[in-house]
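Undergrad: Taking my numbering, the leading residue of the sequence shown gets 6, the next gets one more, and so forth.
Even glycine gets a Cβ: it sits at the ideal position worked out from N, Cα and C.
Only a predicted model underlies this, so the values are computations on that prediction, with no experimental measurement involved.
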Amino acid sequence: MATAPPPPSPPPLLLRPADTDPIPPITGAAEDAVLLAAELLSREEVLRRRSRRVKQLARHYREHYWALVEEVRSKLREYYWSIGVSPLEVDGLDTAAAAALAEVSGENDDGVAKKGFCRISECMSMAMPLTSYCHGHILCDDRQTLYKPCTYETFSSGQTCGKPVLQAAVPPFCTLHIQKDQNHLSQVFSREGFRVYSSGKPAPGFHVIIAEYIHQIQINRRKAPNAASTKNADKDENAG
6 MATAPPPPSP PPLLLRPADT DPIPPITGAA EDAVLLAAEL LSREEVLRRR
56 SRRVKQLARH YREHYWALVE EVRSKLREYY WSIGVSPLEV DGLDTAAAAA
106 LAEVSGENDD GVAKKGFCRI SECMSMAMPL TSYCHGHILC DDRQTLYKPC
156 TYETFSSGQT CGKPVLQAAV PPFCTLHIQK DQNHLSQVFS REGFRVYSSG
206 KPAPGFHVII AEYIHQIQIN RRKAPNAAST KNADKDENAG
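Next comes the structure, spelled out in structure tokens:
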């Protein structure tokens, strides 16, 4: 059985500052014990005791606050994995949209999400959030609008690939056929005499492309005077 994919990353929450380390215990308990039986305290002693207790209270509140943040982050991650959408977005939906969201996400009448596999009987992959299909069969969902089929045509049968790719993908090819298309273009450019970079290497920067373009212009300019002089020499020989 295929293992479940890792849960998606929930929206970012407030992170605990790196410099907010646990504050060491505030000293002064021994002095408070000594002054406990005193009838009168000086102004300096009162201010010192109050300062210590305010710092202790602030430390406890700070630790309690960050504990609540960690608990909210954990619960939000579970909710985001089960429902597939932020609870802030769900609150803004109307009744019909919320009902459609519950239907697509696989919730029962009690609002409890039911995790399952892809609706295709032969597929053992986990279904994507907000749909009943996995990534490989996401095109079977008529309501989805994020994916479209790969339009790369195979040379043998002439049929298109049909694997799901994002709507914004240009060209609309899957990863395998993008590499094939790049290799095919590289072969065509090499055959025509153009210098191209290998698809296995990282794409050159813009300054590299400009430098190569200028280099090609300079080569063509050097060839032009030589071709003109050769043509004039041929004319002189024919005239003589």
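Work out the CA separation of C179 and T156 for me, nearest whole Å.
TA: Numbered from 1 along the sequence shown, position 151 holds the residue referred to as residue 156. Numbered from 1 along the sequence shown, position 174 holds the residue referred to as residue 179. Their backbone Cα atoms lie some 9 Å apart in a straight line.
Undergrad: When DSSP builds the beta bridges, which residues end up paired with P154?
TA: Position 149 of the sequence shown, counted from the first residue, corresponds to residue 154. Its beta-bridge partners are P169.
Undergrad: Ignore the nearest five residues each way along the sequence and tell me which others in C139's own chain have a CB closer than 7 Å to its CB.
TA: Position 134 of the sequence shown holds residue 139. Excluding positions up to five away in sequence, the list reads C123, C128, S130, M131, A132, M133.
Undergrad: Could you check the C-alpha separation between G259 and A63 for me, to the nearest Å?
TA: Because the chain is modelled from 6 through 245, residue 259 falls outside the range shown and cannot be assessed.
Undergrad: Going by CA-CA distance only, name the one from Y218, K153, H189, K80 that's closest to A173.
TA: By one-based count along the sequence shown, residue 173 stands at place 168. Looking at the Cα atoms, K153 is the closest of the given residues.
Undergrad: In chain order, what residues of the same chain lie with their CB nearer than 7 Å to the CB of E50, ignoring the 5 residues before and after it?
TA: Locating residue 50 in the sequence shown gives position 45, counting from the first residue. L40, listed in sequence order.
Undergrad: In terms of residues, what are the limits of the alpha helix (DSSP H) holding A174?
TA: Counted from its first residue, the sequence shown places residue 174 at position 169. Note, A174: premise wrong, no alpha helix (DSSP H); not H, not E.
Undergrad: Can P169 and L190 be called in contact, C-beta distance under 8 Å?
TA: The residue labelled residue 169 in the question sits at position 164 within the sequence shown. The residue labelled residue 190 in the question sits at position 185 within the sequence shown. No, Cβ-Cβ distance for P169 and L190 is not below 8 Å.
Undergrad: Which same chain residues, not among the five before or five after H142, have their C-beta less than 7 Å away from its C-beta?
TA: Stepping through the sequence shown from its first residue, residue 142 is reached at position 137. Hits under 7 Å: C123, I125, C128.
Undergrad: Hey, how far is the Cα of N225 from the Cα of Q149?
TA: To locate residue 225, count along the sequence shown from 1; it is residue 220. To locate residue 149, count along the sequence shown from 1; it is residue 144. Distance between the alpha carbons of N225 and Q149: 52 Å.
Undergrad: Have a look at Q221 and Q187 and give me their C-alpha separation to the nearest angstrom.
TA: Here the question's residue 221 lines up with position 216 in the sequence shown. Here the question's residue 187 lines up with position 182 in the sequence shown. Whole-angstrom Cα-Cα distance: 22 Å.
Undergrad: How big is the Cα-Cα spacing for E76 and R67?
TA: As a position in the sequence shown, residue 76 is number 71, starting the count at 1. As a position in the sequence shown, residue 67 is number 62, starting the count at 1. Distance between the alpha carbons of E76 and R67: 14 Å.
Undergrad: Using C-beta distances below 6 Å, list every residue in its chain close to T165, excluding the 5 sequence neighbours before and after it, in chain order.
TA: Your numbering for residue 165 matches position 160 in the sequence shown. The answer, listed in chain order, is T156, E158.
Undergrad: Determine the direct distance from the alpha carbon of R58 to that of Y70, and round the result to whole angstroms.
TA: Locating residue 70 in the sequence shown gives position 65, where the first residue counts as 1. Locating residue 58 in the sequence shown gives position 53, where the first residue counts as 1. Their Cα atoms are separated by approximately 18 Å.
Undergrad: What's the call for S137, buried or exposed, on a 16-neighbour Cβ count within 10 Å?
TA: Working through the sequence shown from its first residue, we reach residue 137 at position 132. It counts as buried.
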